[in-house]
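Each residue of the sequence shown is one higher than the one before, starting from 835 at the first, in our numbering. Positions of the beta carbon are idealized from the N, C-alpha and C atoms, including for glycine. For reference, the structure discussed in these notes is given below.
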Amino acid sequence: SMSEPPEMNSYEQECQRAELLGIQPPDKADFERKRQARLDYELAEQEAAEAVLLERQDESLGNVGGKLGELNSILSSTQQKLNRFKQTACGSLTNIFARTSSGSVDLSATGSAAGPVPEPRPVQEHPVPRPPPTAAEVAAAKAAKERRMDSQLDKLDALINQADNAQIAMSEQTQQMRRLAK
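What follows is the structure, encoded as structure tokens:
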């Protein structure tokens, strides 16, 4: 990392430093052990930061999904009111629209496309240093991170579909209102 002094980069540099200072050079095995521990700790810090970021992204996706669901619910309600108004004020719907119902947008299925949003767990601000993870733990963490990212991509796809459906519904409702206003 950037915060580590440049003289900590290699064993050779550490030996040169010790020679310049007139002190005993470090034990190579000890130096490597400390260097590996530092790298393991930095990796753990990075993994923890990525987990926090993924958690925040999950929360944001859930918020967007809720707002789009709310918008689609409002649009569905508006469409019902438009239909009632057209039936009472303008007679049969078939006189107004030559289009079949296959052109209309079904908003009922899109509201829950993102699924239930899990409650975010509290995140520890400063991870407690712990022994370096085993290879199996690292592999499991990477697999879990990939699954979570895939899940977020699926949620984004569902949100894009909801937004598209909302845009189509708003456009259709605006056209219907313009026709009724003429």
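If you look at Lys976, you'll find it in the alpha helix (DSSP H) that goes Ala969 to Ala1015. With a cutoff of 7 Å on beta-carbon distance, Asp874 and Pro966 are scored as near each other. Burial state of Ala974 is exposed, judged by a 10 Å Cβ sphere holding fewer than 16 other Cβ atoms. One thing to note: Leu887 has its Cβ no nearer than 7 Å to the Cβ of Lys989. Here Gln858 is exposed. Its C-beta has fewer than 16 other C-beta atoms within 10 Å.
In the three-state reduction of the DSSP assignment, Gln858 falls in the coil class. Here DSSP, grouped into helix, strand and coil, assigns Ser907 to helix. Taken through DSSP and simplified to helix, strand or coil, Asn843 comes out as coil. In the three-state DSSP reduction, Arg890 falls in the helix class (H, G or I). Residue state for Arg964 is assigned as coil, using DSSP reduced to three classes.
Rounded to the nearest angstrom, the gap between the Cα atoms of Asp892 and Gly900 is 12 Å.
The closest CA to that of Lys979, considering only Ala883, Lys862, Arg851 and Glu848, is found on Ala883. As the crow flies, the alpha-carbon of Ser911 is around 15 Å from that of Gln921. If you compare the alpha carbons of Leu909, Ser985 and Asn995 with that of Ser1005, the shortest gap goes to Leu909. By the 16-neighbour rule on beta-carbons within 10 angstroms, Asn906 is buried.
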